[in-house]
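A quick write-up on the structure given underneath.
There are 2 protein chains.
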Amino acid sequence: MPDLDELHREKKARIKAAKDRLYGSKTREKGLVIVHTGTGKGKSTAAWGLVMRTLGHGRKVGIVQFVKGRRETGERRFLERFSELVEIRVMGQGFTWETQDRARDIAAARAALAEAERMLRDPELHLVVLDELNIVLRYDYVPLTEVLTMLENKRPDLHVVITGRNAPRELVEAADLVTEMRLVKHPFREGVKAQIGIEY
Amino acid sequence: MPDLDELHREKKARIKAAKDRLYGSKTREKGLVIVHTGTGKGKSTAAWGLVMRTLGHGRKVGIVQFVKGRRETGERRFLERFSELVEIRVMGQGFTWETQDRARDIAAARAALAEAERMLRDPELHLVVLDELNIVLRYDYVPLTEVLTMLENKRPDLHVVITGRNAPRELVEAADLVTEMRLVKHPFREGVKAQIGIEY
Numbered sequence: 023m024p025d026l027d028e029l030h031r032e033k034k035a036r037i038k039a040a041k042d043r044l045y046g047s048k049t050r051e052k053g054l055v056i057v058h059t060g061t062g063k064g065k066s067t068a069a070w071g072l073v074m075r076t077l078g079h080g081r082k083v084g085i086v087q088f089v090k091g092r093r094e095t096g097e098r099r100f101l102e103r104f105s106e107l108v109e110i111r112v113m114g115q116g117f118t119w120e121t122q123d124r125a126r127d128i129a130a131a132r133a134a135l136a137e138a139e140r141m142l143r144d145p146e147l148h149l150v151v152l153d154e155l156n157i158v159l160r161y162d163y164v165p166l167t168e169v170l171t172m173l174e175n176k177r178p179d180l181h182v183v184i185t186g187r188n189a190p191r192e193l194v195e196a197a198d199l200v201t202e203m204r205l206v207k208h209p210f211r212e213g214v215k216a217q218i219g220i221e222y
Numbered sequence: 023m024p025d026l027d028e029l030h031r032e033k034k035a036r037i038k039a040a041k042d043r044l045y046g047s048k049t050r051e052k053g054l055v056i057v058h059t060g061t062g063k064g065k066s067t068a069a070w071g072l073v074m075r076t077l078g079h080g081r082k083v084g085i086v087q088f089v090k091g092r093r094e095t096g097e098r099r100f101l102e103r104f105s106e107l108v109e110i111r112v113m114g115q116g117f118t119w120e121t122q123d124r125a126r127d128i129a130a131a132r133a134a135l136a137e138a139e140r141m142l143r144d145p146e147l148h149l150v151v152l153d154e155l156n157i158v159l160r161y162d163y164v165p166l167t168e169v170l171t172m173l174e175n176k177r178p179d180l181h182v183v184i185t186g187r188n189a190p191r192e193l194v195e196a197a198d199l200v201t202e203m204r205l206v207k208h209p210f211r212e213g214v215k216a217q218i219g220i221e222y
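As you go down the protein sequences, you meet chains A and B in turn.
Residues in the first sequence are numbered consecutively from 23, following the numbering used here.
Residues in the second sequence are numbered consecutively from 23, following the numbering used here.
Shown next as structure tokens:
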């Protein structure tokens with residue numbers, strides 16, 4: 023009879039050896055262009071997780087929020103406590119789901135993009151989050167070509183995360199790491215409202 | 023000729039009215055069982071984002087990490103700075119990708135599950151993260167039925183996030199909010215190694 027514990031040990035040893043080989047072959051460092059897209063939850067939330075991780079290492083973060091939420095969020099309150107490591111720009115008087123003025127939205131989007139461009143060249147930052155940039159791209163508030171050029175010209179060792187549903191195909195092609203957050207099940211359908219710490 | 027700005031305003035006003043109606047119909051508060059699964063990135067990272075959001079509101083968080091990583095992570099360093107609001111248990115001497123001792127892994131998993139069970143009844147916590155619980159379920163280190171019972175008996179207004187690939191079907195059925203993180207593109211394939219602030 024084979025010993026179950028022995029089989030387990032052998033299997034685990036094989037997995038460990040394969041992982042060690044795999045990790046050993048990965049040697050390049052590179053500032054990544056990361057995209058979180060899809061209709062599910064977790065696109066911006068996972069970006070905040072990367073921010074937390076980066077702050078944990080004592081490195082600096084830049085954030086441009088292209089869509090301003092209706093309420094004060096937990097993440098914004100939280101990040102304000104880290105003003106020495108975090109620089110946040112919220113797209114000014116501009117684009118919320120409330121506005122009905124296209125010209126004003128476009129002006130605000132362009133101003134936010136200029137901030138993003140500046141951050142992507144800032145030698146002090148380790149990570150830049152361009153939150154909901156895909157939304158303003160979707161609305162054609164800023165030209166995609168300009169965003170792609172901006173990414174091409176970013177500091178090579180800087181990581182950048184772009185969030186929002188409907189990431190354009192060309193952006194996905196230009197990115198290094200792309201995750202689609204897919205909605206499997208959502209409690210909104212059962213009349214549950216947005217809740218503190220979860221949605222905001 | 024229709025005025026483009028006018029059309030835009032009308033469309034945005036219709037969207038806003040529909041959203042207001044939708045949000046107005048959502049009135050229930052409920053502690054959610056949230057699952058982040060799939061083979062993509064962002065499962066634990068999005069849980070850290072929820073932690074950040076919750077801390078931003080000054081609420082307390084409990085975390086059980088069922089898989090202990092090889093290195094000191096940014097999130098762990100970060101959360102240690104919030105010891106008054108965060109309680110973390112890392113599955114003891116136990117389960118890492120390195121161990122090859124099934125009996126020890128099972129004992130560690132059971133001890134971690136007992137911590138989880140206690141946190142799920144703690145009246146002070148707003149959110150509990152059971153990080154990589156799906157992995158120990160996958161390895162049959164703890165029985166799924168026990169996890170489902172534990173979730174049924176949790177404090178009704180407590181939110182819980184369970185992460186890890188291969189969430190069992192029964193867990194997905196029991197959950198309120200399920201997101202699948204789907205890998206679209208990963209730089210590992212191009213020889214880029216795990217990097218600070220991104221993977222750890």
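All C-beta atoms in this analysis are idealised placements derived from N, C-alpha and C, irrespective of residue type, glycine included.
Model, not experiment: these values are computed from the prediction.
Cβ neighbours of residue i in the same chain (closer than 6 Å, five flanking residues each side left out)
| i | result |
| --- | --- |
| residue 53 of chain B | 178, 179, 180 and 181 |
| residue 98 of chain B | none |
| residue 146 of chain B | 82 |
Close Cβ partners of residue i (< 8 Å) along its chain, the five nearest in sequence each way excluded
| i | result |
| --- | --- |
| residue 67 of chain A | none |
| residue 79 of chain B | 148 |
| residue 205 of chain B | 60, 61, 62 and 63 |
Outcome for residue i when other beta-carbon atoms lying within 10 angstroms are tallied against a minimum of 16
| i | result |
| --- | --- |
| residue 44 of chain B | exposed |
| residue 65 of chain A | buried |
| residue 185 of chain B | buried |
| residue 156 of chain B | buried |
| residue 33 of chain A | exposed |
| residue 209 of chain A | buried |
Residue closest to residue i, alpha-carbon to alpha-carbon, out of the options
| i | options | result |
| --- | --- | --- |
| residue 138 of chain B | B/129, B/217 and B/110 | B/110 |
| residue 219 of chain A | B/200, B/51 and B/28 | B/51 |
| residue 141 of chain A | A/25, A/161, A/173 and A/69 | A/173 |
| residue 130 of chain B | B/200, B/161 and B/175 | B/161 |
| residue 30 of chain A | B/143, B/175 and B/128 | B/128 |
| residue 144 of chain B | B/176, B/101 and B/103 | B/176 |
| residue 76 of chain A | B/77, B/76 and B/96 | B/96 |
Residue i to residue j span [Cα, whole Å]
| i | j | result |
| --- | --- | --- |
| residue 60 of chain B | residue 28 of chain B | 43 Å |
| residue 126 of chain B | residue 188 of chain B | 23 Å |
| residue 190 of chain B | residue 56 of chain B | 13 Å |
| residue 69 of chain A | residue 207 of chain B | 17 Å |
| residue 116 of chain A | residue 89 of chain A | Unreliable placement is indicated for residue 116 of chain A, whose pLDDT of 48 sits below 50; the coordinate value is still reported in the next sentence. Between residue 116 of chain A and residue 89 of chain A, the C-alpha separation is close to 8 Å. |
| residue 134 of chain B | residue 106 of chain B | 21 Å |
| residue 222 of chain A | residue 37 of chain A | 40 Å |
| residue 197 of chain A | residue 81 of chain B | 36 Å |
| residue 194 of chain A | residue 123 of chain A | 29 Å |
| residue 72 of chain B | residue 214 of chain A | 18 Å |
| residue 199 of chain B | residue 58 of chain B | 9 Å |
| residue 102 of chain B | residue 74 of chain A | 12 Å |
| residue 94 of chain B | residue 164 of chain A | 40 Å |
| residue 216 of chain A | residue 26 of chain A | 48 Å |
| residue 192 of chain A | residue 202 of chain A | 15 Å |
| residue 158 of chain A | residue 183 of chain A | 15 Å |
Neighbourhood of residue i by C-beta distance below 7 Å, restricted to the same chain and skipping five residues each side
| i | result |
| --- | --- |
| residue 112 of chain A | 87 and 90 |
Practice problem: Kindly confirm or deny that the stretch 83-90 of chain B and the stretch 150-164 of chain B touch, where touching means at least three C-beta pairs closer than 8 Å. | Solution: yes
Self-check item: Validate contact between the stretch 36-43 of chain B and the stretch 164-179 of chain B using beta carbons, cut 8 Å, 3 pairs
Solution: no
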